[in-house]
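So the structure is just underneath, and the comments pick up after that.
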Amino acid sequence: MSCAHDRLGLRSPTTTHPPPGRRGHSSGLIVSRETWRYGDPSVSSSADDDRSTPLARELADLNRRKQALSREPLPAPAKTRVITVSNQKGGVGKTTTTVNLSAALARSGARVLVIDLDPQGNASTALGVEHRAETPSVYDVVVNDGAVADVVQKSPEFDTLFCIPATIHLAGAEIELVSLVAREQRLSRALSEYLAETEKAGERYDYVFIDCPPSLGLLTINAFVAASEVLIPIQCEYYALEGLSQLLRNIQLIEKHLNPQLKVSSILLTMYDGRTNLAQQVVADVREHFPDEALNTLIPRSVRISEAPGYGQTVISYDTNSPGSISYLEAAAELARRGAPQ
Ligand code: ATP
Ligand code: MG
Numbered sequence: 000m001s002c003a004h005d006r007l008g009l010r011s012p013t014t015t016h017p018p019p020g021r022r023g024h025s026s027g028l029i030v031s032r033e034t035w036r037y038g039d040p041s042v043s044s045s046a047d048d049d050r051s052t053p054l055a056r057e058l059a060d061l062n063r064r065k066q067a068l069s070r071e072p073l074p075a076p077a078k079t080r081v082i083t084v085s086n087q088k089g090g091v092g093k094t095t096t097t098v099n100l101s102a103a104l105a106r107s108g109a110r111v112l113v114i115d116l117d118p119q120g121n122a123s124t125a126l127g128v129e130h131r132a133e134t135p136s137v138y139d140v141v142v143n144d145g146a147v148a149d150v151v152q153k154s155p156e157f158d159t160l161f162c163i164p165a166t167i168h169l170a171g172a173e174i175e176l177v178s179l180v181a182r183e184q185r186l187s188r189a190l191s192e193y194l195a196e197t198e199k200a201g202e203r204y205d206y207v208f209i210d211c212p213p214s215l216g217l218l219t220i221n222a223f224v225a226a227s228e229v230l231i232p233i234q235c236e237y238y239a240l241e242g243l244s245q246l247l248r249n250i251q252l253i254e255k256h257l258n259p260q261l262k263v264s265s266i267l268l269t270m271y272d273g274r275t276n277l278a279q280q281v282v283a284d285v286r287e288h289f290p291d292e293a294l295n296t297l298i299p300r301s302v303r304i305s306e307a308p309g310y311g312q313t314v315i316s317y318d319t320n321s322p323g324s325i326s327y328l329e330a331a332a333e334l335a336r337r338g339a340p341q
């Protein structure tokens, strides 16, 4: 993380970038006006495919990517990976990324727990779990010393997908936490205890994802202390990198004082629209600053992704074969194959 931070001579996202319409980039990214392909560009297509129309090309491309995904099962991590999804900027795709990566990994058979640490409760909604005010929730864990086992719910999405919901009570937690003992470690302690119990019972989780609110308050600090990895979603829009240095500084402080294991393991570019120069510029800038952390997969801007939560679903179950779903499946595969940072 610290090298990423040192490298961050942040500039406006409108600086170095390939000219529009040019095919390819030194990082291997395939973005151009004539070939709008998202997902993992390392999966290349054969030149002799019959692709007479844009729609035929799109379908052939999706099929090829689907086949590539089903070729090899995903490796299970040697120990539970606890990943905090954070960016204090609002609306960049934190929740969408949390629930869809979780669903994608659960679909592959991994046992996954999502902790909704945002009073908005959007992750709980997307995973179809109860989160009315009276529902036992993450609030009971971080403020009232409740046990995680008492608040976990199974998501109807997949058999191996679980969620600790957030209710409206969490909105007051930032203030209530201030006067509590070990205010920064409350989630970490409760989670460690629960993970040890489940492991002992032969029900070890492979992944825990923590969805953070758009702020750098005590809830987010609790998430950083409980995790060993941070995944930062970055929206492919203007001002994308603004505020990133503050986020990285905070993570560095947590690493130094509260959680030496914490690393920024992944950066995921979201809401990518390859028809705009701006999106291409953001991708180029992020890859230049974070060559190791940036995932190859780009998440496209997609109506299906934004519709899914309205049905209490992730896009993985709502429209499995849509480009948005396939991109999240690819991002999940990349995350699993890269493994935890050493
Ligand atoms: P907050 O900071 O409020 O917690 P967030 O960072 O969690 O927001 P999301 O809630 O995931 O962001 O996304 C913000 C909005 O953008 C939502 O309406 C979501 O449905 C939509 N959205 C996210 N990703 C995509 C995408 N790839 N394509 C289209 N819409 C998207
Ligand atoms: Mg959110």
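Just so we're aligned: 3 in numbering that gives the first Met the number 0 is position 4 of the sequence shown, and the numbers increase by one with no gaps anywhere. Beta carbons are placed, not taken as given, at the ideal position from N, Cα and C, and that holds for glycine. Small disclaimer: the values here were computed from a predicted structure and weren't measured.
At the level of alpha carbons, what is the spacing between residue i and residue j?
i	j	result
P322	L61	7 Å
A331	L100	5 Å
K255	A59	49 Å
E306	I315	12 Å
H288	P164	35 Å
S136	Q66	39 Å
V150	A109	21 Å
Q341	Y310	39 Å
G338	T296	15 Å
Can you tell which of the options has its C-alpha closest to the C-alpha of residue i?
i	options	result
E129	Q312, S301 and T269	Q312
Y204	V263, Q234, L243 and E192	E192
D115	P259, L194 and Y138	Y138
V147	E241, E196, K65 and Q280	E196
K266	I233, R110, G273 and N320	Going by the sequence as given, residue 266 is Ile instead of Lys. Ranking I233, R110, G273 and N320 by Cα distance to I266 puts I233 first.
L243	N258, A226, V263 and V224	V263
N86	L215, S227, E292 and G273	L215
A170	T219, R64 and I325	T219
F223	E183, Y310, Y238 and Y237	E183
R300	Y327, A283, R185 and F208	Y327
G127	L257, V302, C162 and A293	C162
A132	H168, D144 and A105	H168
With DSSP collapsed to three states, give me the class of residue i.
i	result
Q87	coil
R21	Low confidence applies to R21: its pLDDT is 31, below 50, so where it sits in the model is not reliable enough to give any reading.
F161	strand
N295	strand
K93	helix
L179	coil
F223	helix
L116	coil
D210	strand
R188	helix
P271	The sequence given here places Tyr at residue 271; Pro does not occur at that position. Correct three-state label for Y271: strand.
Can you give me the Cβ contacts of residue i inside the same chain, cut-off strictly under 6 Å, excluding the 5 residues immediately before and after it?
i	result
T94	N121, A122 and D210
N249	L215
For residue i, I'd like the list of residues in its chain whose CB is within less than 7 Å of its CB, leaving aside the five on either flank, ordered along the chain.
i	result
A102	E156, F157, L160, T313, I315 and S316
L252	none
Indicate whether at least one CB of chain D lies closer than 8 Å to the CB of residue i.
i	result
Q260	This model lacks chain D altogether; it includes just one protein chain.
Could you name the residues of the same chain whose beta carbon sits closer than 8 Å to that of residue i, not counting the 5 residues immediately before and after it, in chain order?
i	result
P212	L116, D117, P118, Q119, L218 and T219
Q245	Q87 and L215
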